[in-house]
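The sequence shown stops at residue 146 when you use my numbering, and every number in between is there. Glycine residues also receive a C-beta, built at the ideal position from the N, C-alpha and C atoms. Nothing here was measured: the structure is a model prediction, and the numbers come from that model. Right, one structure below, let's go through it.
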Amino acid sequence: MTDSPNGFGHTHVQTLYPVPGQCPVCGEELHVTRLECGTCRTGIDGHFALDRFSRLSAENLAFLEVFVKNRGVIKDVEAELGISYPTVRARLDEAIRGLGFPATADDALRPSQVREERRHILEALRSKSISADEAASRLSALASRT
């Protein structure tokens, strides 16, 4: 125990765990019913909503942190995580669904999305980060989503 700098007495260092968004028993959404100040121990009881990000698995949250850090540049996410373009897209779709928004790998793409994805594929081929066969496979998969 150490003295609290604000004069409220003794506090101890406590490990803070991330807030789980889902019940580990049934998988349903958890509800927060108590908040407490870590310094003075003032507690507030009630019903508080968890934000959308609390619904995400640790893996999806870590993926989104990398995605945001790389400003959504899929090529940079590929490089940092060492995963392929289709895997980045699949993980992004999974995270989007985890946030409660509809997203499936089979969603039809808008023309601007098709152009952007085609550009990414050709850029990866040009930089030799994927093979011609891989590029052909990705372009074929892209064509099937239009």
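How many angstroms separate the CA atom of residue i from the CA atom of residue j?
{"i": "L50", "j": "L139", "result": "40 Å"}
{"i": "F67", "j": "Q14", "result": "31 Å"}
{"i": "S129", "j": "G46", "result": "53 Å"}
{"i": "Q22", "j": "E117", "result": "34 Å"}
{"i": "R126", "j": "P24", "result": "46 Å"}
{"i": "L30", "j": "A62", "result": "21 Å"}
{"i": "T2", "j": "G72", "result": "At T2, the pLDDT of 43 sits below 50, so the modelled position is not reliable; the number obtained from the coordinates is stated separately. Whole-angstrom Cα-Cα distance: 43 Å."}
{"i": "T33", "j": "N70", "result": "36 Å"}
Could you check whether residue j and residue i sit closer than 8 Å to each other, using their CB atoms as the reference points?
{"i": "G43", "j": "L35", "result": "yes"}
{"i": "I121", "j": "A132", "result": "no"}
{"i": "L92", "j": "R52", "result": "no"}
According to DSSP, which residues form a beta bridge with residue i?
{"i": "Q228", "result": "This structure does not reach residue 228, given that the chain is present from 1 up to 146, and the question cannot be answered."}
Please report the Cβ distance between residue i and residue j, rounded to the nearest whole angstrom; I am assuming they are in contact, meaning their Cβ atoms lie under 8 Å.
{"i": "Y85", "j": "I74", "result": "6 Å"}
When the cut-off is 8 Å and only beta carbons count, does residue i lie next to chain B?
{"i": "L81", "result": "Among the protein chains of the structure shown there is no chain B, as only one such chain exists."}
Worksheet item: In chain order, which continuous runs of the alpha helix (DSSP H) of length 4 or greater are located wholly inside the stretch 28–71?
Response: Those alpha helix (DSSP H) runs which fall completely within the stretch 28–71 and span 4+ residues are 58–69.
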